[in-house]
Amino acid sequence: MRRVGLGRHGQLDADGGDPLDGLVNLFDVGMVLAVAFLIAGLGMSRALPSSTRRDDAAGARTTVRAPSSRRTASGRGRAVGQVYQLPDGTLVLVDPAGR
634 MRRVGLGRHG
644 QLDADGGDPL
654 DGLVNLFDVG
664 MVLAVAFLIA
674 GLGMSRALPS
684 STRRDDAAGA
694 RTTVRAPSSR
704 RTASGRGRAV
714 GQVYQLPDGT
724 LVLVDPAGR
């Protein structure tokens, strides 16, 4: 008895391609995503005002980050000086004791 039609008698497909071609495509997609995230991060850093500057008693500048929430504060405290806003939007704290 003879078996016919099993399909195993033909030649192997020489043009089947490399099985690692899919990994190369995934690497390309990863590179495109990395560049897209980099561009998005740089765009967001320019759009958000992240910090302001102030002068210390010694004349050195200190960078102060803007608060993340807009809650009102209450409680006890003491006045430490007056705040002035310059035409460019910079806030300056002036100590009344001159320190």
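Numbering (the numbering used here), first residue to last: 634 to 732.
Think of the CB as a built atom: it goes at the ideal place given N, C-alpha and C, for glycine as much as any other residue.
Quick one: residues in its chain with C-beta nearer than 8 Å to the C-beta of residue i, no 5 flanking neighbours on either side, listed in chain order?
i	result
residue 714	726, 727, 728 and 729
residue 654	none
residue 719	725
Sorted by chain position, which residues of the same chain lie with C-beta nearer than 6 Å to residue i's C-beta, five sequence neighbours on each side aside?
i	result
residue 717	725
residue 704	none
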